[in-house]
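K.L.:
Let me give you the structure first, and then I'll get to my questions.
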Amino acid sequence: VTKSIIYTAVICCIIAFFWDLFTGYHGWSLDIVLPATCCVAMFVMAIIARVLSLHIEQYIYYLIINIIFGIVPLILLFCGVIRFVYPSVACVAASAISLTALLIFEGKALRAEIIRRTHL
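If you're matching positions, the sequence shown starts at 47 in this note's numbering and goes up one per residue.
Quick look at the structure:
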């Protein structure tokens with residue numbers, strides 16, 4: 047389920063970017079669609095993990111992808127590609143809040159799983 051969410055978010059962003067590009071590039075695809083899609087994908091993955099009662103071991107890779115969903119708008123913001131900053135800031139904040147909540151509530155399990163997966 048989470049793979050399909052990731053694929054849908056990426057395809058939606060690519061389609062929006064090319065649509066914006068072929069209609070004269072006004073920047074709405076990177077200013078609004080990209081951060082909104084990333085926020086929705088993060089929110090839906092959190093709901094799916096909660097509803098399916100997934101353990102941290104089962105969705106560690108998707109957590110990393112959630113972090114990437116928050117970093118991409120931040121990188122574009124720092125590069126000066128984005129003109130309308132509020133959606134990107136909201137997306138980065140949502141990613142930071144979700145990561146912080148996960149560290150607070152599942153910190154020990156997350157740390158143990160990272161150590162187990164990376165063999166540290």
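Every residue, glycine too, gets a C-beta built ideally from N, C-alpha and C.
Quantities reported herein were computed from a predicted structural model and do not represent experimental measurements.
Note down, one range per segment and in chain order, each beta strand (DSSP E) of at least 3 residues found wholly within the stretch 92-165.
P.N.:
None, since the stretch 92-165 contains no complete beta strand (DSSP E) of that length.
K.L.:
Tell me the residue span of the alpha helix (DSSP H) that contains N50.
P.N.:
Rather than Asn, the amino acid found at residue 50 in this sequence is Ser. That run of the alpha helix (DSSP H) goes T48 to F68.
K.L.:
Looking only at its own chain, which residues have a Cβ that is under 7 angstroms from the Cβ of T48, when we skip the five neighbours before and after it?
P.N.:
Excluding positions up to five away in sequence, the list reads M91, I94, Y105 and Y108.
K.L.:
Evaluate the contact criterion for the stretch 70-85 versus the stretch 109-118: three or more CB pairs, one atom per stretch, below 8 angstroms.
P.N.:
Yes, the stretch 70-85 is in contact with the stretch 109-118.
K.L.:
With a threshold of 7 angstroms, establish whether the CB of R96 neighbours any heavy atom of the ligand NAP.
P.N.:
Among the ligands in the structure shown, none appear at all, so the ligand NAP cannot be discussed.
K.L.:
For a quick check, are the C-beta atoms of A155 and I102 less than 8 angstroms apart?
P.N.:
The answer is yes: Cβ separation under 8 angstroms.
K.L.:
Hey, D66 and F130: beta-carbon distance below 8 angstroms or not?
P.N.:
For D66 and F130, no; Cβs fall outside 8 angstroms.
K.L.:
Would A92 count as contacting chain B if we go by Cβ distances under 8 angstroms?
P.N.:
In summary, chain B is missing from the structure at hand, where a single protein chain is found.
K.L.:
Measure from the alpha carbon of E152 to the alpha carbon of each residue in I60, R96 and S50, then state which is nearest.
P.N.:
Taking only the C-alpha atoms, the option nearest E152 is R96.
K.L.:
With a 10 Å radius around its C-beta and 16 neighbouring C-beta atoms as the bar for buried, classify S99 as buried or exposed.
P.N.:
Exposed.
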